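Peer 1:
Here's what the structure looks like:
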């Protein structure tokens, strides 16, 4: 029985407390490392970022929004003594991509893997959002922190080349990035027009981006039908019992030891540690996996 079958939808809630510390000590045996994002009242969120070790350097999945998050990413790479050689953006939302420009400034040789959905977003949704944000700034109602966040977002849009892929993901398939074999999967019209999710069979690692976030069907950039189809590629619930079904094709069975999602708790994750401990312990016991 696969971990996906065992966990089903419950795993999305479980990951609220399944985040790693912000910056780890240098350890060349590390296979992957999560830099937790944040979702604080009164400001936009940072999505989680994930570092993957590769023979040629570090692969960084998503770059967050705020300078403090960017600083954690750069500090981790420095502590590891390895260059960031590739960025994979799971989708174009600015809480996952604003840090691209700063990371590329520090590591200008890094490739960016992403879907081509950013072009439509720049011409449509992001342009309209910018107009609304500029009106909000002009109203004088923005706090200093909100104004700084808006201007940082506008700077990211002005440097659109940092948001565009140097290696477009136009279809699902195996890729070797910096010497590490990964499966990059393209989910069209899901949380955005083009979402990339990552499966590393050797490490038992699945990185879902925003595809496993409860509010996806209600996102103003989302397509519920496409989102449901994207989830079917990871797991399916044909009988509607809210437990993921095992694939009928045994060759499609996957058994990842770790799932990484997009968000961490509101406020300080430590607040939730004791609350979630019994549930996390239960999931670990019934699945036999690290949760």
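In my numbering, the protein residues as written are 1 to 291. Note that CB positions come from ideal geometry on N, CA and C, so glycine has one too. Remember, predicted model here, so these are calculated numbers, not experimental data.
(1) Measure the beta-carbon distance from residue 192 to residue 92 and round it to whole angstroms, keeping in mind my assumption that it falls under 8 Å.
(2) With three or more C-beta pairs closer than 8 Å as the rule, is the segment 145-158 touching the segment 203-210?
(3) Here's the rule: buried if 16 or more other CB atoms are within 10 angstroms of the residue's CB, otherwise exposed. What is residue 251?
(4) What are the start and end residues of the alpha helix (DSSP H) that includes residue 86?
(5) At which residue ranges does the segment 142-172 contain complete alpha helix (DSSP H) runs of 4 or more residues, listed in the order of the chain?
(6) What does the alpha-carbon distance come out to for the pair residue 37 and residue 45?
(7) Between residue 74 and the rest of its own chain, which residues show a CB-CB distance below 8 Å, the 5 nearest in sequence each way excluded?
(8) Within a Cβ cutoff of 8 Å, which residues of the same chain sit near residue 202, ignoring the five residues on either side of it in sequence?
(9) Can you say whether residue 132 is buried or exposed, counting buried as having 16 or more other CB atoms within 10 angstroms of its CB?
(10) What does the alpha-carbon distance come out to for the pair residue 99 and residue 72?
(11) Between which two residues does the beta strand (DSSP E) harbouring residue 53 extend?
(12) Span of the beta strand (DSSP E) holding residue 120?
(13) Taking the alpha carbon of residue 170 as the reference point, which residue from 127, 199, 195 has its own alpha carbon closest?
(14) Beta carbon of residue 60, beta carbon of residue 84: below 7 Å?
(15) Looking at the unbroken alpha helix (DSSP H) that takes in residue 100, where does it start and where does it end?
(16) With respect to the beta strand (DSSP E) encompassing residue 62, which residues constitute its N-terminal and C-terminal limits?
(17) Tell me the rounded alpha-carbon separation between residue 136 and residue 142.
(18) Straight-line CA distance for residue 22 to residue 43?
(19) Quick one: is residue 139 buried, meaning 16 or more other Cβ sit within 10 Å of its Cβ, or exposed?
(20) Rounding to the nearest angstrom, what Cα-Cα distance links residue 66 and residue 89 in this structure?
(21) Rounded to whole angstroms, what is the Cα-Cα separation between residue 96 and residue 62?
(22) Mind checking residue 58: buried by the 16 CB within 10 Å criterion, or exposed?
(23) Spatial neighbours of residue 1 within its chain, please: C-beta separation below 8 Å, excluding the five flanking residues on both sides.
(24) What would DSSP say about residue 76, mapped onto helix, strand or coil?
(25) Going by DSSP in three states, residue 174 sits in which element: helix, strand or coil?
Peer 2: If we stick to the structure as given:
(1) Counting from 1 along the chain shown, the entry for residue 192 is found at position 192. Counting from 1 along the chain shown, the entry for residue 92 is found at position 92. 6 Å between Cβ atoms; contact.
(2) no
(3) Residue mapping note: residue 251 aligns to position 251 of the chain shown, counting from 1. Residue 251 is exposed by the Cβ-count criterion.
(4) Taking the chain shown and counting its residues from 1, one reaches residue 86 at position 86. Premise fails: residue 86 lies in the beta strand (DSSP E), 84-88, not in any alpha helix (DSSP H).
(5) 144-158
(6) The residue you call residue 37 lines up with position 37 of the chain shown. The residue you call residue 45 lines up with position 45 of the chain shown. Rounded to whole angstroms, residue 37 to residue 45 spans 7 Å at the Cα level.
(7) Locating residue 74 in the chain shown gives position 74, where the first residue counts as 1. Closer than 8 Å at Cβ, skipping near neighbours: 102, 103, 106.
(8) If you number the chain shown from 1, residue 202 lands on position 202. Correct list, in chain order: 181.
(9) Counted from its first residue, the chain shown places residue 132 at position 132. Its Cβ having fewer than 16 others within 10 Å, residue 132 is exposed.
(10) Position 99 of the chain shown, counted from the first residue, corresponds to residue 99. Position 72 of the chain shown, counted from the first residue, corresponds to residue 72. Distance between the alpha carbons of residue 99 and residue 72: 11 Å.
(11) As a first step, residue 53 must be located in the chain shown, where it is residue number 53. Start and end: 49-54.
(12) The residue given as residue 120 occupies position 120 in the chain shown. Here residue 120 belongs to no beta strand (DSSP E); instead the alpha helix (DSSP H) covers 117-123.
(13) Looking up residue 170 in the chain shown gives position 170. The residue with the shortest Cα to Cα distance from residue 170 is 195.
(14) Looking up residue 60 in the chain shown gives position 60. Looking up residue 84 in the chain shown gives position 84. Yes, these two residues count as a Cβ contact at 7 Å.
(15) As a first step, residue 100 must be located in the chain shown, where it is residue number 100. Here the alpha helix (DSSP H) through residue 100 covers 100-106.
(16) Here the question's residue 62 lines up with position 62 in the chain shown. It is not in any beta strand (DSSP E) - residue 62 carries neither H nor E in the DSSP assignment.
(17) As a working mapping, residue 136 is identified with position 136 in the chain shown. As a working mapping, residue 142 is identified with position 142 in the chain shown. Roughly 7 Å between the two C-alpha positions.
(18) Taking the chain shown and counting its residues from 1, one reaches residue 22 at position 22. Taking the chain shown and counting its residues from 1, one reaches residue 43 at position 43. Only weak support exists for where residue 22 lies, its pLDDT of 38 falling under 50; the coordinates are left without a value.
(19) Translated into positions along the chain shown, residue 139 becomes position 139. Per the 10 Å Cβ criterion, exposed.
(20) Locating residue 66 in the chain shown gives position 66, where the first residue counts as 1. Locating residue 89 in the chain shown gives position 89, where the first residue counts as 1. So the alpha carbons of these two residues sit roughly 16 Å apart.
(21) Counting from 1 along the chain shown, the entry for residue 96 is found at position 96. Counting from 1 along the chain shown, the entry for residue 62 is found at position 62. Their backbone Cα atoms lie some 5 Å apart in a straight line.
(22) Numbered from 1 along the chain shown, position 58 holds the residue referred to as residue 58. By the neighbour-count rule (16 or more Cβ atoms within 10 Å), residue 58 is buried.
(23) The sequence position of residue 1 within the chain shown is 1, counting from 1. For residue 1, the pLDDT reaches just 30, beneath the cut-off of 50, and the residue's location in the model is therefore unreliable, although a value from the coordinates is still provided. These residues qualify, in order along the chain: 246.
(24) Locating residue 76 in the chain shown gives position 76, counting from the first residue. Note: residue 76 maps to helix in three-state DSSP.
(25) Here the question's residue 174 lines up with position 174 in the chain shown. Strand, per DSSP.
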